[in-house]
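Undergrad:
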Amino acid sequence: MALYAIGDTHLSLGADKPMDVFGGAWAGYQEKLTQGLSVLRPEDTLVIAGDVSWGMSLEESEADFAFLDAFPGTKLLLKGNHDYWWNTAAKMERFFAEKGFSSLRILHNNCHYYGDVALCGTRGWFYEEEKAGQNQKVFNRELIRLEASLKAAGEAEKLCFLHYPPFYTGYRCEPILALLERYQVKACYYGHLHGASHRLALQGKQGSVEYHMISADYLKFTPEKVLE
């Protein structure tokens with residue numbers, strides 16, 4: 001039994017936007033993911049920290065969900081900034097049930113458990129959102145979602161998964177960092193950063209929280225083992 005995490009699978013089996021066009025680490029990335037996810041066993045749990053599929057709708061993402069569902073274990077999906085297929089939890093869960101994707105779960109305004117450890121998370125916030133014209137209302141909504149997830153965990157030990165990094169060279173999202181400290185999160189895992197941005201990521205212990213970057217290309221498309 002093991003808990004794994006990875007971000008940014010960027011699957012595109014039903015949409016015409018394969019990441020192979022970027023070359024480098026992304027060349028042949030679906031085959032690399034197939035190999036990397038082969039570590040999963042039926043008793044394992046995998047958290048995918050956003051940017052799961054390029055599909056513009058649940059229907060367009062169906063082949064990507066089928067790809068993930070075919071691997072053993074439970075998969076917890078977070079929303080990323082490119083997950084345009086994302087919908088209400090009820091609609092996503094109904095779609096998964098109708099298609100027989102029994103291993104897929106949504107991590108959004110809630111928490112899931114791996115043994116006694118609570119797995120919390122949301123998309124988060126990054127300075128790119130401000131550049132894109134996102135406003136304070138959107139930011140506040142993300143804070144509410146994160147706190148709802150952390151509150152749902154009660155007194156349990158907490159791990160947090162975000163799509164966006166809560167800090168980066170030259171940037172800190174203080175309200176998110178404060179929530180992680182206040183709710184005594186043990187470790188935070190995030191994705192979103194690719195290529196040359198990897199070198200500007202901040203990892204390790206900050207305050208009382210341990211931070212880890214888990215973008216798929218950074219991990220060479222093999223999920224990081226978080227817990228046994």
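To convert, note that position 53 of the sequence shown is 53 in this note's numbering; the numbers rise steadily by one, no gaps.
We treat Cβ as the ideally placed atom computed from N, Cα and C, and that holds for glycine.
Tell me, please, which residues DSSP counts as bridged to K91.
TA: According to DSSP, K91 bridges with nothing at all.
Undergrad: Among the candidates A89, S12, N81, whose CA atom is the shortest distance from the CA of V138?
TA: N81
Undergrad: Is the distance from the Cβ of L193 to the Cβ of P223 below 8 Å?
TA: no
Undergrad: Taking C-alpha atoms, which residue in L11, T88, E181 lies nearest to W26?
TA: L11
Undergrad: Does DSSP put V138 in a helix, a strand or coil?
TA: helix
Undergrad: Over what stretch of residues does the beta strand (DSSP E) that includes G36 continue unbroken?
TA: Segment 29-36 is the alpha helix (DSSP H) holding G36; no beta strand (DSSP E) there.
Undergrad: Unbroken alpha helix (DSSP H) runs of length 4 or more, entirely within the stretch 136-219: which are they?
TA: 136-152, 174-182
Undergrad: If we call anything under 8 Å between Cβ atoms a contact, is C111 one with S149?
TA: Yes, the pair counts as a contact, with Cβ atoms nearer than the cut-off.
Undergrad: If you follow the alpha helix (DSSP H) that E62 is in, where does it begin and where does it stop?
TA: DSSP places E62 in the uninterrupted alpha helix (DSSP H) bounded by 62-69.
Undergrad: Using a Cβ distance threshold of 8 Å, determine whether the stretch 174-190 contacts the stretch 33-45, with at least three qualifying pairs required.
TA: The stretch 174-190 is not in contact with the stretch 33-45.
Undergrad: Going residue by residue through the stretch 74-119, where are the continuous alpha helix (DSSP H) segments of at least 4 residues, counting only ones entirely within it?
TA: For the stretch 74-119, the continuous alpha helix (DSSP H) assignments of 4+ residues that do not extend past its boundaries occur at 89-99, in sequence order.
Undergrad: May I ask which residues mark the beginning and end of the beta strand (DSSP E) holding V226?
TA: 224-227
Undergrad: Applying the criterion that 16 or more other CB atoms from any shown protein chain within 10 Å of the CB defines a buried residue, is M56 buried or exposed?
TA: exposed
Undergrad: For Y4, which beta-bridge partners are listed by DSSP?
TA: L46, K225
Undergrad: What residue from T169, I214, S208 has the CA that sits closest to L202's CA?
TA: T169
Undergrad: Whose CA, out of K225, F101, D217, T45, lies closest to the CA of G24?
TA: D217
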